[in-house]
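Student:
Numbering (the working numbering), first residue to last: 67 to 358.
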C-alpha cells in the first residue's frame, strides 16, 4: 500500500517520468524483500535494518548505486512522515557512502569535427543520414538520450535556428543549432518522407521501419561511429553530452549559460566540467612551458 501511494505521489505531484518511477519502485521492493527476511516491514524498520541492507548491497553494488537506493528510501520515508502515515524515519542517521571522483569521459572536439566532416564514414541512404544526424544532434545540443528520442519534427524551428527540448520533470528549454545541422535535419526529413513509411508519426528520429526510435538503437549508433575516432571504453550518448559541455567551456562559454543549455537544475551539476578544463590547461602547460 505504501509503495503504491508513493508511486502516485511521484507521478502526479513530482511529475517524474515512468522510467524514474520504476527505478524508485524497484529499490523499495528490493528493500521490502530484505525486510521480509528479517521478519519486519516498512512501518517497523529501524536504523539497524537500513545499515544491514547497506552492508548486503556493498557485496555486489558500487557506492553510487547504493547512494541512489538510499536517496529512494529518504524520499519514501519523508513522504510517509509528511502524510502522517508513519512517525519513524529509519534513514535519518544514515550517511551516504563516499564516491570516488571520476572526470566525465569526453571525445576531443577536433576528432568529432573530423568524424562529422568525413565524406566516407556515413552512407548517403536513409539510415546513414539519420545516424549522422543523431551524432550531430547529441554533440551539437548536449541533449540527453531520453530527450533526443522525444524530439518531434515540430520542435525544430528553422527560422529562429533552435530546437525545443523537453527535459526532466517536463521542463522545457530552447537550444540554438547551427545552420549546417539544420540543413542536415532538412535532408533527413526529406529522405524520411521518401521512405513512405505509411504512418503519421511526428517523432523526429525513427527506425529503418519508420517506428519511433528506442534507447538501444541510439546507443548502437553512437558506439559504432565513436569507435572510428576513440578507443575509450565508454562510447555512449552521454559522452557526447559531456563533450558538448566541455567544448563550450574550453571555448570561453559562461558556466551559467552551459547550465541552461544542458537543462541542469543547479550549477553544482555543471561545475564538474570545469575539472576537465583544468586538466586540459595542465596538459597544455606541461607541453608548452619550459619549466613544466
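Ideal Cβ placement from N, Cα and C applies to all residues, glycine included.
Between which two residues does the beta strand (DSSP E) harbouring residue 241 extend?
Tutor: One-based indexing of the chain shown puts residue 241 at position 175. Run containing residue 241: 238-242, per the beta strand (DSSP E) assignment.
Student: Hey, how far is the Cα of residue 232 from the Cα of residue 226?
Tutor: Counting from 1 along the chain shown, the entry for residue 232 is found at position 166. Counting from 1 along the chain shown, the entry for residue 226 is found at position 160. Answer to the nearest angstrom: the Cα atoms are 18 Å apart.
Student: Let's test the definition: count the other Cβ atoms within 10 Å of the Cβ of residue 161 and tell me whether it reaches 16, buried, or not, exposed.
Tutor: As a first step, residue 161 must be located in the chain shown, where it is residue number 95. By the 10 Å Cβ count, residue 161 comes out exposed.
Student: Can you tell me the Cβ-Cβ gap for residue 187 and residue 181, rounded? I've got them flagged as a contact below 8 Å.
Tutor: Translated into the one-based positions of the chain shown, residue 187 becomes position 121. Translated into the one-based positions of the chain shown, residue 181 becomes position 115. That pair is a contact at about 6 Å.
Student: Counting along the chain, where does the beta strand (DSSP E) carrying residue 228 start and finish?
Tutor: As a first step, residue 228 must be located in the chain shown, where it is residue number 162. Taken as a continuous stretch (DSSP letters only), the beta strand (DSSP E) holding residue 228 covers 228-232.
Student: If distances are taken between C-alpha atoms only, which option among 129, 109, 192 and 184 comes closest to residue 153?
Tutor: One-based indexing of the chain shown puts residue 153 at position 87. For residue 153, the nearest C-alpha among the options comes from 109.
Student: I'd like to know whether the C-beta atoms of residue 333 and residue 316 end up nearer to each other than 8 Å.
Tutor: Start at 1 with the first residue of the chain shown, and residue 333 comes out as number 267. Start at 1 with the first residue of the chain shown, and residue 316 comes out as number 250. No, the pair does not count as a contact, with Cβ atoms beyond the cut-off.
Student: How is residue 269 classed by DSSP in three states: helix, strand or coil?
Tutor: The residue you call residue 269 lines up with position 203 of the chain shown. Here residue 269 sits in strand by DSSP.
Student: Would you give the residue range spanned by the alpha helix (DSSP H) that residue 115 belongs to?
Tutor: Within the chain shown, numbered from 1, the residue matching residue 115 stands at position 49. Residue 115 -> alpha helix (DSSP H) spans 113-123.
Student: Considering only the beta carbon of each residue, do residue 296 and residue 173 sit closer than 8 Å?
Tutor: Counting from 1 along the chain shown, the entry for residue 296 is found at position 230. Counting from 1 along the chain shown, the entry for residue 173 is found at position 107. Going by C-beta atoms, residue 296 is nearer than 8 Å to residue 173.
Student: What are the start and end residues of the alpha helix (DSSP H) that includes residue 199?
Tutor: Indexing the chain shown from 1 puts residue 199 at position 133. That run of the alpha helix (DSSP H) goes 192-207.
Student: If you drop the 5 nearest sequence neighbours on each side, which residues of the same chain put their C-beta closer than 7 Å to that of residue 171?
Tutor: The residue given as residue 171 occupies position 105 in the chain shown. Counting only Cβ-Cβ distances below 7 Å, and skipping sequence neighbours, we find 298, 300, 305 and 308.
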